[in-house]
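Colleague: Every letter in the sequence shown is one number past the one before it in this note's numbering, and letter 47, counting from 1, is 124. For each residue, glycine too, the CB sits at the ideal point set by N, CA and C. Can you keep this structure in mind? I'll have questions shortly.
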Amino acid sequence: GVKEEGDAALRCQMLDPAAENLPNGAHELLAKVCELSALRANNPALTWGSLKVLYVKNQELVFVRSCDLPRRQMLICAVNSGTEHQHVELERLGNLGLYPGVNVRNVWGDGADTGAVNDEYKLRVHIPPMTGRI
């Protein structure tokens, strides 16, 4: 399309989520997008927070989003684009205000809660394949 023909000529029309003839997997994808949108709307750190990368490898990325208003909130976001489970060890968490004994719980994504920061200021995070955790 060309710009002069308007918005409809430049962008694909959004699918109707109520339609019965959606492509395979579309309902599941739409449900995940809605779930993540609600999570973002209810967590100011995801919307307004600062961002600091904690760990980067070829297929894993872990970063923290944090903010102080309207309440202090810190969310660790971990993503694994690979096909194998990953166990990432985060270090020097005292710099973020995470001290030994601080519990870290999962608010989105599959898997058990991460646990607590250990005496060496480290945290081990399990990230299932092809997904992420917050």
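From this set, Val202, Leu87 and Gly186, which residue's C-alpha is nearest Arg193's C-alpha?
Modeller: Inspection of the sequence shows that residue 193 is occupied by Ala rather than by Arg. Of the candidates Val202, Leu87 and Gly186, the one whose C-alpha sits nearest the C-alpha of Ala193 is Val202.
Colleague: Name the residue from Lys199, Ala86 and Ala96 whose alpha carbon lies nearest to the alpha carbon of Val179.
Modeller: The shortest C-alpha separation from Val179 is found at Lys199.
Colleague: Spatial neighbours of Gln163 within its chain, please: CB distance less than 6 Å, with the 5 preceding and 5 following residues excluded, ordered by chain position.
Modeller: Cβ neighbours of Gln163 beyond the five flanking positions: Glu137, Asn157 and Ile204.
Colleague: Rounded to whole angstroms, what is the Cα-Cα separation between Glu197 and Ile153?
Modeller: Using only the alpha carbons, I get a separation of about 18 Å.
Colleague: Excluding five sequence neighbours on each side, which residues of the same chain lie with their C-beta closer than 6 Å to the C-beta of Glu168?
Modeller: Correct list, in chain order: Lys199.
Colleague: Applying the criterion that 16 or more other CB atoms from any shown protein chain within 10 Å of the CB defines a buried residue, is Arg182 buried or exposed?
Modeller: When all chains shown are included, Arg182 counts as exposed.
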